[in-house]
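Numbering (my numbering), first residue to last: 4 to 399. Think of the CB as a built atom: it goes at the ideal place given N, C-alpha and C, for glycine as much as any other residue.
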Ligand SMILES: Cc1cc2nc3c(=O)[nH]c(=O)nc-3n(C[C@H](O)[C@H](O)[C@H](O)COP(=O)(O)OP(=O)(O)OC[C@H]3O[C@@H](n4cnc5c(N)ncnc54)[C@H](O)[C@@H]3O)c2cc1C
Ligand code: SF4
Ligand code: SF4
Ligand code: SF4
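Have a look at this one:
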């Protein structure tokens with residue numbers, strides 16, 4: 004049976020929990036807020052299936068990255084609704100048009116990030132846009148298998164480790180299964196996300212959260228929290244329009260500095276497995292890989308605009324065939340591996356944890372200060388502060 008002795012060796016994909024025929028495995032949060040399998044010995048029949056499906060123990064990706072493209076959806080409204088060039092929406096609409104089901108990360112009623120399914124266009128929007136928190140897979144693999152056995156088209160999207168977990172769980176290919184992963188920097192702790200939100204405003208006042216608010220351009224996107232009274236935090240009623248915009252921009256930046264940059268720049272609160280990730284590089288479990296085309300301005304300026312440009316990678320013969328069917332919806336251009344990876348280093352390698360990671364979690368767990376005060380703590384965060392200054396100066 005599965006036993007986690009080294010936390011870098013579990014990505015929390017949930018394949019073991021989904022496969023267990025006795026429902027002996029539950030996913031339990033550790034002190035840092037990350038989910039790990041927990042086996043109830045009294046239910047376990049030692050069948051070994053949990054070990055067999057674990058993608059860290061059995062890691063044999065079937066595909067290798069082939070064609071790499073800069074791509075953006077031709078429909079500007081659809082593109083505005085995604086994080087970058089809306090490759091997710093392109094694939095999702097294909098699946099829905101065939102009466103299929105789409106799986107991806109969404110918010111639940113308490114603003115936790117969980118994997119869910121969508122079966123129509125209205126439901127689809129909850130799966131759009133990046134949520135920079137680890138998503139809880141719950142029983143999604145079981146549900147996806149049920150739909151596949153009914154002969155439905157299933158698009159399953161997520162991090163590379165989640166797609167690897169799904170593929171090992173299914174144990175065979177299905178013609179009607181399409182998978183798409185993202186280039187994955189790593190995933191932040193759900194506990195950290197909760198503390199940040201709770202200290203920012205009462206959860207019941209929130210109506211929407213957008214980690215990639217594009218009002219000032221997709222590549223300068225901010226974290227925007229919308230309130231139920233209609234205000235975008237922190238728009239203040241009565242202010243003249245230019246001031247409102249300025250304030251929103253500065254607070255949007257503030258949220259980005261407080262929550263997003265300690266993750267993307269300092270790697271302060273990622274899952275331990277993300278610092279020793281088994282799913283980096285060109286060997287892939289998924290048909291497609293989607294990502295942000297950082298640096299696009301520098302090597303294909305004609306493709307750049309403020310609404311977003313994606314990387315689209317075709318990893319399997321299925322992806323190549325599907326691309327031929329869908330390409331008329333796209334503006335695209337082939338690019339080199341070097342151009343893509345130059346600005347996206349975490350395609351090939353894992354992030355290094357911040358030297359202050361342990362200190363930060365110790366303080367957070369033992370409530371030695373608020374989340375905001377820990378991020379402001381100059382001693383622990385010195386390298387971060389320097390990076391923020393560079394960021395404010397305009398460097399990415
Ligand atoms: C935690 C995280 C780290 C990322 N790191 C990088 C990176 O280093 N470099 C890079 O270029 N791109 C990264 N991305 C991907 C990028 O942010 C966009 O998701 C990608 O460009 C697709 O955008 P889109 O416009 O095609 O689709 P969108 O409409 O934005 O679709 C979002 C897709 O991401 C999935 N998703 C959203 N949140 C999560 C989550 N928490 N866990 C699993 N799946 C999720 C959804 O299911 C959906 O498939 C990351 C995304 C996440 C969530
Ligand atoms: S060995 Fe079998 S019964 Fe025991 S936890 Fe693993 S999958 Fe479940
Ligand atoms: S990586 Fe996935 S399958 Fe392996 S132990 Fe962790 S949750 Fe289970
Ligand atoms: S960095 Fe690796 S282990 Fe972490 S979420 Fe992404 S794919 Fe999974």
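Item, Value
"Would you mind working out which of 34, 319, 43 sits nearest residue 6, comparing C-alpha positions?", "43"
"Please report the residue range of the alpha helix (DSSP H) in which residue 367 lies.", "360 to 368"
"Is there contact between the segment 102 to 118 and the segment 197 to 212, where contact requires at least three CB pairs shorter than 8 Å?", "yes"
"For ligand 3, I want to know if residue 14 counts as a neighbour, meaning its beta carbon is within less than 6 Å of at least one of the ligand's heavy atoms.", "yes"
"In whole angstroms, what is the alpha-carbon distance linking residue 202 and residue 258?", "12 Å"
"Got a sec? Which residues, its chain only, sit under 6 Å from residue 239 by beta carbon, not counting five neighbours each side?", "With a pLDDT of only 39 at residue 239, under the threshold of 50, the placement of this residue in the model should not be trusted; the figure read from the coordinates follows. There are no such residues."
"Thinking C-alpha only, which one of 293, 285, 314 is nearest residue 299?", "314"
"Just tell me which of 231, 222, 139, 219 has its CA closest to the CA of residue 205.", "231"
"Please determine whether the Cβ atom of residue 18 lies at a distance below 6 Å from any heavy atom of ligand 3.", "yes"
"Between residue 296 and ligand 2, is the CB less than 6 Å from at least one heavy atom?", "no"
"Does the beta-carbon of residue 125 have 16 or more other beta-carbons within 10 angstroms, so that it is buried, or is it exposed?", "exposed"
"Spatial neighbours of residue 146 within its chain, please: CB distance less than 7 Å, with the 5 preceding and 5 following residues excluded, ordered by chain position.", "120"
"Does DSSP put residue 241 in a helix, in a strand, or in coil?", "In this prediction, residue 241 scores a pLDDT of 41, lower than 50, which makes its location untrustworthy; the coordinate-derived value is nonetheless stated afterwards. Note: residue 241 maps to coil in three-state DSSP."
"Taking Cβ positions, are residue 290 and residue 321 nearer each other than 7 Å?", "yes"
"Can you tell me whether residue 399 is buried or exposed, with buried defined as 16 or more other CB within 10 angstroms of its CB?", "Its pLDDT being 30, under 50, residue 399 is placed unreliably in this model, and the value from its coordinates should be taken loosely. By the neighbour-count rule (16 or more Cβ atoms within 10 Å), residue 399 is not buried but exposed."
"Cβ atoms of residue 58 and residue 168: under 7 Å apart, would you say?", "yes"
"Let me check you understand the geometry: is the CB of residue 192 closer than 6 Å to at least one non-hydrogen atom of ligand 5?", "Only ligand 1, ligand 2, ligand 3 and ligand 4 can be found as ligands here, which leaves ligand 5 out of the picture."
"Can you give me the C-alpha to C-alpha distance between residue 281 and residue 352, rounded to a whole angstrom?", "9 Å"
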